[in-house]
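Taken in sequence, the protein lines are chains U and F.
Using the numbering used here, the letters of the first sequence map in sequence onto residues 12 to 148.
Using the numbering used here, the letters of the second sequence map in sequence onto residues 13 to 106.
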Amino acid sequence: MDLPPQIRDAMVAHSRFCLPREACGLLALDGGGRLRMAYCLTNADRSERTFTVDPREHVKALRHAERSGWRLGGVFHSHPGGPARPSPLDVARALEPDWLYAVVGAPDAERPDVRGFWIRDGRVVEEPLVVTGERGR
Amino acid sequence: MKVPVRIPTVLQPRTGGAAVVLAEGDTVGRVVGSLVALHPGLREVMLESDGSVKRFLNLFLGDEDVRYLRGMDTPVPEGSEIVILPAASGGRRR
């Protein structure tokens, strides 16, 4: 899946801004399955170890995405000091089988790792994210 | 009064694939009761034994989280829509 650099940069910036807590947000896709927006939202858990997207912001993002002709199709969160891979708790709480689960690993690193995954029935499959304009670098 | 209820993808296998179900009621609780009567498979995944909605599900009347209104007693005005949204959550450890 293509990852527009603006969306990658938004996820990383939000993850850094929220340190030391976990950051989170939602992702909108267009009808062609292309990533169009990262909604940088509040972690209602206010935690360094868990996240829950603030439900009231969740529904606002849903409405905005639909007004824009998109759909909510993913969630992102950060692992401060940790790898860009879903944790067992991420997998246990992944409820949307058709959502992309993006993880920003070690957001305070010089080049944070941003990876995407599908999580279905407890199985994790990585979706390679190709930053638009950085192919072949 | 018929009220459209938006069903998230994760629950659609229990509504025969329907993304929207027309339920009936004038409060959130009555609409939810009508919904699980129409699709009994929803009951165990949506509701606790005391009839409250499970914590990982959020119910919205329009854009308002019903927890911040009057919960299951919240009146549902004519022309309203109820949206069920699963919590987006996770973390490194409990």
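Where a beta carbon is used, it is the ideal one built from N, C-alpha and C, also for glycine.
Under the three-state reduction of DSSP, H90 (chain U) is assigned to strand. Per DSSP, K14 (chain F) is one residue of the beta strand (DSSP E) stretching across 14-18.
At a cut-off of 8 Å between C-beta atoms, S101 (chain F) counts as an interface residue with respect to chain U. Between the alpha carbons of V43 (chain F) and L40 (chain U) lies a distance of about 31 Å. Excluding five sequence positions before and after S89 (chain U), the CB atoms of its chain that fall closer than 6 Å to its own CB belong to S26, E33, A34, V115, P118, given in chain order. Each residue's CA atom was taken as its position, placing T61 (chain U) and R104 (chain F) some 6 Å apart. Under DSSP, W129 (chain U) shares a beta bridge with U:L111, U:V136. Spanning the alpha carbons of R55 (chain F) and A31 (chain F) requires a straight line of approximately 17 Å. Considering only U:E121, U:E138, U:R47, U:A24, the residue with the shortest C-alpha distance to R96 (chain U) is U:E138. The region 89-99 of chain F and the region 62-81 of chain F touch, with no fewer than 3 CB-CB distances between them shorter than 8 Å. Under a criterion of Cβ atoms nearer than 7 Å, no residue of chain U is adjacent to R26 (chain F); the nearest Cβ is some 13 Å distant. If you draw a straight line from the Cα of P25 (chain F) to the Cα of G92 (chain U), it comes to about 38 Å. Under the three-state reduction of DSSP, A76 (chain U) is assigned to helix. For M48 (chain U), there is no enclosing alpha helix (DSSP H); the enclosing beta strand (DSSP E) covers residues 46-52.
Sequence-ordered contacts of the region 54-68 of chain U with chain F read D56, S58, R60, T61, F62, T63, V64, P66, R67 [C-beta pairs closer than 8 Å]. Shown here, D20 (chain U) sits in a helix according to DSSP, grouped into three states. Identification of chain F residues near E138 (chain U) by a Cβ-Cβ cut-off of 9 Å yields none; the smallest Cβ-Cβ distance measures about 17 Å. Chain F places no beta carbon closer than 8 Å to that of R32 (chain U), leaving this residue out of the contacts.
At least one beta carbon of chain F lies nearer than 8 Å to the beta carbon of D109 (chain U). For E36 (chain F), the secondary structure class from DSSP, reduced to helix, strand or coil, is strand.
Interface annotation, T86 (chain F): not in contact with chain U, CB-CB separation never under 8 Å.
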